[in-house]
Each structure stands twice: as structure tokens, then as C-alpha cells.
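Everything in the sequence shown is counted per our numbering, starting at 60 for the first residue and increasing by one. All C-beta atoms in this analysis are idealised placements derived from N, C-alpha and C, irrespective of residue type, glycine included. All remarks here apply to the structure that follows.
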Amino acid sequence: MKSIPLSTRWEHNFLENQLLALTRKLSECEKWEGQIKDHLREIEKISISLFGRKGSDPLPAVSMVDEEVNVRLFERCTELVSSLQRAVRLIETDPDSYGICEKCEREIGLKRLAASPWAPFCIKCQREIDEQKLGLTG
Ligand SMILES: [Zn+2]
Numbered sequence: 060m061k062s063i064p065l066s067t068r069w070e071h072n073f074l075e076n077q078l079l080a081l082t083r084k085l086s087e088c089e090k091w092e093g094q095i096k097d098h099l100r101e102i103e104k105i106s107i108s109l110f111g112r113k114g115s116d117p118l119p120a121v122s123m124v125d126e127e128v129n130v131r132l133f134e135r136c137t138e139l140v141s142s143l144q145r146a147v148r149l150i151e152t153d154p155d156s157y158g159i160c161e162k163c164e165r166e167i168g169l170k171r172l173a174a175s176p177w178a179p180f181c182i183k184c185q186r187e188i189d190e191q192k193l194g195l196t197g
């Protein structure tokens, strides 16, 4: 593991623990990404052999739902991976900026950081973002 530069805001121990949690979560994510990809390939294979689907034919309804769910899962996974990588980079290069909300630039609560070491936003901003997302998709 890379060494963490000294921070005026954080105890070294705290950053080390966060980094450890982030690295663990990252390898977990990569594992899931691989499994979801395999599953998507599997859906493709099944729909070809079971329903004689050719390249451009639409997927059968059952597989379509399954595919949609998995594609969404995969997107969420990718999002999480980039948040994780971003947090790791911050700790390794600019630990004083770690734990600062990207939107309002206030400090993210310690409880939140302990529960989600990759959180880019404080609870208030995260809620606003989630509500906007919900509003957009109905
Ligand atoms: Zn904020």
C-alpha cells in the first residue's frame, strides 16, 4: 500500500482505516462487475439457444427484464468504483481535501464517512441529488 501524506485534518490512523475499507470495497466491486458481465453473457447465450434469437432480434421478455436489471446493477457498480477510486486518490495525494463535500464544500459528517468512506457528498447534498434523480425519472 502507498504511504499516506500527513494531513492537518485527519489522524493518520483514520486515513489508513478508510484506505483499507476503500481497497476492500474496490476488490469486492470488481468481483461483482465480473459476475454481472458473465451473467449478461449467459442471458445472451440462453436467448440464442433457447429461443433461436439472432443478433438483432429483440430479447424475449423474460431475458429483457433480467438484462435490464443487470445492466442497471452494472452501471451502479461502475459508479461506485469511480467514487472509490476518487476517494483513494484523494487520500493518497491530498488528504486534506478528503471528506469535503464536492457540492457545498462543507465537511462530510464523520459517521457518514465511516459508513461510506467513498461518499463524495454530505448527507444534505446527497439527498438533493437523489431527489433530483427521482424527479427526472418519474
Ligand atoms: Zn454538501
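Spatial distance of residue i from residue j (CA atoms)
i      : j      : result
Cys184 : Cys160 : 8 Å
Arg131 : Phe180 : 22 Å
Val124 : Ser62  : 45 Å
Val147 : Pro154 : 9 Å
Ala120 : Lys113 : 15 Å
Lys192 : Arg186 : 10 Å
Glu75  : Cys88  : 20 Å
Leu149 : Glu127 : 33 Å
Glu166 : Leu172 : 10 Å
Leu139 : Leu65  : 26 Å
Cys163 : Ile182 : 11 Å
Three-state secondary structure (DSSP) of residue i
i      : result
Ile159 : strand
Trp69  : coil
Asp125 : helix
Ile150 : helix
Asp97  : helix
Arg131 : helix
Arg145 : helix
Ile63  : coil
Gly194 : helix
Arg83  : helix
Cβ-based burial, residue i [other Cβ within 10 Å; buried from 16]
i      : result
Ile107 : exposed
Pro117 : exposed
Ala174 : exposed
Cβ shell of residue i (< 7 Å), same chain only, five flanking positions each side left out
i      : result
Arg83  : none
Gly158 : Glu166, Ile167 and Leu172
Nonlocal neighbours in the same chain, by C-beta distance under 6 Å from residue i, ignoring five residues either side
i      : result
Arg68  : Asp155
Cys136 : Cys88, Trp91 and Glu92
Gly194 : none
Cut-off 8 Å between Cβ atoms - residues of its own chain near residue i, not counting five sequence neighbours on either side
i      : result
Phe133 : Glu92, Ile95, Lys96 and Leu99
Ile105 : Ser122
Arg144 : As written in the sequence, residue 144 is Gln, which differs from the Arg given in the question. If we look at Gln144 and ignore the five residues flanking it on each side, its Cβ neighbours are Leu85.
Worksheet entry | Whole alpha helix (DSSP H) elements within the region 161-189, 4-residue minimum | 169-174
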